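Visitor: If you read the sequence shown in my numbering, its first letter stands for residue 173, the second for the next number, and so on. Glycine included, C-beta positions come from ideal geometry on N, C-alpha and C. Only a predicted model underlies this, so the values are computations on that prediction, with no experimental measurement involved. Following this message is one structure expressed as structure tokens.
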Amino acid sequence: MVSNEQVSNADIVAADAAHVFHSWSAQDKIAPLPVAGGEGSTFWDFEGNRYLDFTSQLVNLNLGHQHPKLVESIQKQAGQLATIAPAFANDVRSELAKLIVEGAGSEHFSHVFFTNGGADANENAVRLARLHTGRRKVMSMYRSYHGATSTAISLTGDPRRWPNEPSDNSVIHFFGPYTYRSVFYAQDEGQECERALAHLEHQIQMEGPETIAAIIIETVVGTNGILVPPPGYLPGVRALCDKYGILYIADEVMAGFGRCGKLFAFQNFNVVPDMISFAKGVNSGYVPLGGVVMSHAIRETFGERTFPGGLTYSGHPLACAPGVATFEVFEEEGILEHVRRLGEQVVKPWLDELASTHPNVGEVRGLGMFWAIELVKDKSTREPLVPFNPSPEENAPMAALVAACKKRGLWPFTHFNRMHIVPPLNITEEELRRGLGIIEEAMAEVFG
Ligand code: PLP
Numbered sequence: 173m174v175s176n177e178q179v180s181n182a183d184i185v186a187a188d189a190a191h192v193f194h195s196w197s198a199q200d201k202i203a204p205l206p207v208a209g210g211e212g213s214t215f216w217d218f219e220g221n222r223y224l225d226f227t228s229q230l231v232n233l234n235l236g237h238q239h240p241k242l243v244e245s246i247q248k249q250a251g252q253l254a255t256i257a258p259a260f261a262n263d264v265r266s267e268l269a270k271l272i273v274e275g276a277g278s279e280h281f282s283h284v285f286f287t288n289g290g291a292d293a294n295e296n297a298v299r300l301a302r303l304h305t306g307r308r309k310v311m312s313m314y315r316s317y318h319g320a321t322s323t324a325i326s327l328t329g330d331p332r333r334w335p336n337e338p339s340d341n342s343v344i345h346f347f348g349p350y351t352y353r354s355v356f357y358a359q360d361e362g363q364e365c366e367r368a369l370a371h372l373e374h375q376i377q378m379e380g381p382e383t384i385a386a387i388i389i390e391t392v393v394g395t396n397g398i399l400v401p402p403p404g405y406l407p408g409v410r411a412l413c414d415k416y417g418i419l420y421i422a423d424e425v426m427a428g429f430g431r432c433g434k435l436f437a438f439q440n441f442n443v444v445p446d447m448i449s450f451a452k453g454v455n456s457g458y459v460p461l462g463g464v465v466m467s468h469a470i471r472e473t474f475g476e477r478t479f480p481g482g483l484t485y486s487g488h489p490l491a492c493a494p495g496v497a498t499f500e501v502f503e504e505e506g507i508l509e510h511v512r513r514l515g516e517q518v519v520k521p522w523l524d525e526l527a528s529t530h531p532n533v534g535e536v537r538g539l540g541m542f543w544a545i546e547l548v549k550d551k552s553t554r555e556p557l558v559p560f561n562p563s564p565e566e567n568a569p570m571a572a573l574v575a576a577c578k579k580r581g582l583w584p585f586t587h588f589n590r591m592h593i594v595p596p597l598n599i600t601e602e603e604l605r606r607g608l609g610i611i612e613e614a615m616a617e618v619f620g
């Protein structure tokens, strides 16, 4: 092991390039930033360059880097029992399951099946749904990401699915509400909601309701646009599920654990799903962890009948300990109130101002600490600044914006023609305002 002073960024990059194979990348075309450390909403490289993290890494680092309570919980658990197989009972695992079920806030829920992350949470939610209903098909939105394993990448509607097809051929995609770019020619949110529900019902009928096990929806669509559902949409989906005996799975991998100002995002929308998949913010990703919260009825299906699924690390104590600590920190530090306050009083007014004054800002939207700036070439035509699924050449204006932010010490999250504002939930007001100021300066540099 070498200390930070002895190595340069170049050493770390060379060591990485030698043997590390990276996700979602052409291996010769990437230049990963070497990260030496982090604290709170900031991380730094091996040469002292510091970045304000407006991405929460992959929108998982909800309590920031190196939160002392989370780190301590892992250290303590490592000293007590570093691992134990899922077949045994374990105190910290049971405690976390109890906190999550109680936090889901409805008598409807009873048990948690723990996984290693979000994709396998969705895989297992679908497995549970298929076995519980005896039906095979699953419906998901085109504008969605549900993970990169076999069924999860099939559920994914976005272009990451295309090179992985065919995989699970029992997945049907549909259009969710997106008023700004309505495929239903809707003029307002109310129309969009009504027409999106009518479209979904037609599709259910055409597929054969008795063949459909579940509908899975990101409560607030994350990477594909921070699409906040219009009031009434999710209750409408719930009603369709009830009408046709279909299970409703809420994918809360990104939107959950405080990101939208409530423990679970669905708690903002007057609806209760049958299953909740979660990961990321459950323990800020300090140790990989995900899971599925299920209703009593689904749990009861597997009272006498064996559940045919499992993972060596299901409910790993080193992952559950920071999960329990996360609940304590949320309580002690008033995280949910903080998120709602900063979202409503700092980010929203700033974004609204930007949308009304900047010629390239088509729409801004979001809630909690989950916001998007949709960039356009022209406000009146709404033509996106870069096209859907852009080539690297087409993406040049967004790449310039990213570079302008990084130069000023801000690490931004962009996807297609959007910049997302998704910092850690415990970011301070001063850091948040500083980051927004940097985005403003970067936009001035790029757009003139
Ligand atoms: N579901 C959603 C909504 C996600 O955003 C992600 C990851 O970004 C996943 C599922 C997959 O999670 P993981 O990468 O932990 O497998």
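What number of angstroms, rounded off, separates the C-alpha of aspartate 263 from the C-alpha of leucine 547?
Guide: Near 48 Å, if we compare the C-alpha coordinates of leucine 547 and aspartate 263.
Visitor: Taking the beta carbon of tyrosine 357 as the centre, do at least 16 other beta carbons fall within 10 Å, making it buried, or is it exposed?
Guide: exposed
Visitor: Could you give the first and the last residue of the continuous beta strand (DSSP E) run that contains threonine 586?
Guide: 585 to 587
Visitor: What are the complete beta strand (DSSP E) segments, minimum 3 residues, inside the segment 543 to 595?
Guide: 585 to 587 and 590 to 593
Visitor: Report yes if the C-beta of histidine 280 is less than 6 Å from at least one heavy atom of the ligand PLP; otherwise report no.
Guide: no
Visitor: With H, G and I counted as helix, E and B as strand and the rest as coil, what does DSSP make of leucine 523?
Guide: Leucine 523: helix per DSSP, three-state reduction.
Visitor: Once DSSP output is grouped into helix, strand and coil, what is the label at aspartate 292?
Guide: In the displayed model, aspartate 292 falls within a helix according to three-state DSSP.
Visitor: In whole angstroms, give me the CA-to-CA distance for leucine 268 and alanine 493.
Guide: 8 Å
Visitor: Taking the straight line between their C-alpha atoms, what separation do you get for valine 174 and alanine 187?
Guide: Any reading at valine 174 is ruled out, since the residue's pLDDT is 47, under 50, leaving its predicted position unreliable.
Visitor: Taking 8 Å as the threshold, find out whether the segment 574 to 585 comes into contact with the segment 604 to 611 through three or more Cβ pairs.
Guide: Segments in contact, yes.
Visitor: Roughly how many angstroms separate the alpha carbons of tryptophan 543 and arginine 431, rounded to a whole number?
Guide: Across the structure, tryptophan 543 and arginine 431 are spaced so that their CA atoms are roughly 10 Å apart.
Visitor: Rounded C-beta distance between isoleucine 507 and asparagine 598? I'm assuming under 8 Å.
Guide: 6 Å
Visitor: Start and end of the alpha helix (DSSP H) containing phenylalanine 619?
Guide: 601 to 619
Visitor: Under the criterion of a Cβ to heavy atom distance below 6 Å, does glutamate 390 qualify as lining the ligand PLP?
Guide: yes
Visitor: Just checking valine 425 against the ligand PLP - is the residue's beta carbon closer than 6 Å to any of the ligand's heavy atoms?
Guide: yes
Visitor: With respect to 6 Å, is the separation between the Cβ of alanine 368 and the closest non-hydrogen atom of the ligand PLP below this value?
Guide: no
Visitor: Relative to the ligand PLP, is the shortest distance from any of its heavy atoms to the C-beta of glycine 397 smaller than 6 Å?
Guide: no
Visitor: Relative to the C-alpha of glycine 394, which candidate in Val465, Glu373, Ser456 and His318 has its C-alpha closest?
Guide: For the residues Val465, Glu373, Ser456 and His318, the minimum Cα distance to glycine 394 belongs to His318.
Visitor: Helix or strand or just coil, what does DSSP make of valine 425?
Guide: coil
Visitor: Applying the criterion that 16 or more other CB atoms from any shown protein chain within 10 Å of the CB defines a buried residue, is tryptophan 196 buried or exposed?
Guide: exposed
Visitor: Would you say glutamate 408 touches the ligand PLP, meaning its beta carbon is less than 6 Å from a heavy atom?
Guide: The identity of residue 408 in the sequence shown is glycine, whereas the question assumes glutamate. Glycine 408: no, Cβ never under 6 Å from the ligand PLP.
Visitor: Would you mind sorting proline 445 into buried or exposed? The rule is 16 or more other CB atoms within 10 Å of its CB.
Guide: buried
Visitor: Closest by CA to proline 403, which one among Val392, Asn396, Cys413 and Gly397?
Guide: Nearest to proline 403 by alpha-carbon distance, out of Val392, Asn396, Cys413 and Gly397, is Val392.
Visitor: Assign serine 180 to one of two classes, buried (16 or more other C-beta atoms within 10 Å of its C-beta) or exposed (fewer than that).
Guide: By the 10 Å Cβ count, serine 180 comes out exposed.
Visitor: At 3 residues or longer, what runs of the beta strand (DSSP E) sit wholly inside the segment 298 to 348?
Guide: 309 to 313 and 343 to 346
Visitor: If you compare alpha carbons, which of Glu337, Asp360, Arg353 and Glu373 is closest to phenylalanine 346?
Guide: Glu373
Visitor: In chain order, what residues of the same chain have a beta carbon less than 8 Å from the beta carbon of arginine 353, not counting five sequence neighbours either side?
Guide: Correct list, in chain order: Arg554.
Visitor: Between Gln359, Gly620, Pro595 and Thr351, which lies nearest to proline 225 when the distance is taken from Cα to Cα?
Guide: Rather than proline, the amino acid found at residue 225 in this sequence is aspartate. Put simply, of Gln359, Gly620, Pro595 and Thr351 the residue whose alpha carbon is nearest the alpha carbon of aspartate 225 is Pro595.
Visitor: Please identify the residue among Pro569, Asn532 and Gly540 whose C-alpha is closest to the C-alpha of lysine 551.
Guide: Asn532
Visitor: Going by the C-beta, is tyrosine 485 closer than 6 Å to any heavy atom of the ligand PLP?
Guide: Tyrosine 485 Cβ: outside cutoff for every heavy atom of the ligand PLP.
Visitor: For the ligand PLP, I want to know if tyrosine 317 counts as a neighbour, meaning its beta carbon is within less than 6 Å of at least one of the ligand's heavy atoms.
Guide: yes
Visitor: Look at the alpha carbon of valine 536 and the alpha carbon of lysine 434, and state the distance between them as a whole number of angstroms.
Guide: The straight-line gap from Cα to Cα measures roughly 21 Å.
Visitor: Determine, using beta carbons only, whether arginine 537 comes closer than 7 Å to chain C.
Guide: No chain C is part of this structure, which consists of one protein chain only.
Visitor: Helix, strand or coil, according to DSSP, for tyrosine 357 in the structure here?
Guide: coil
Visitor: DSSP on arginine 471, reduced to helix/strand/coil?
Guide: helix
Visitor: How about isoleucine 344 and glutamate 366: do their beta carbons lie closer than 7 Å?
Guide: no
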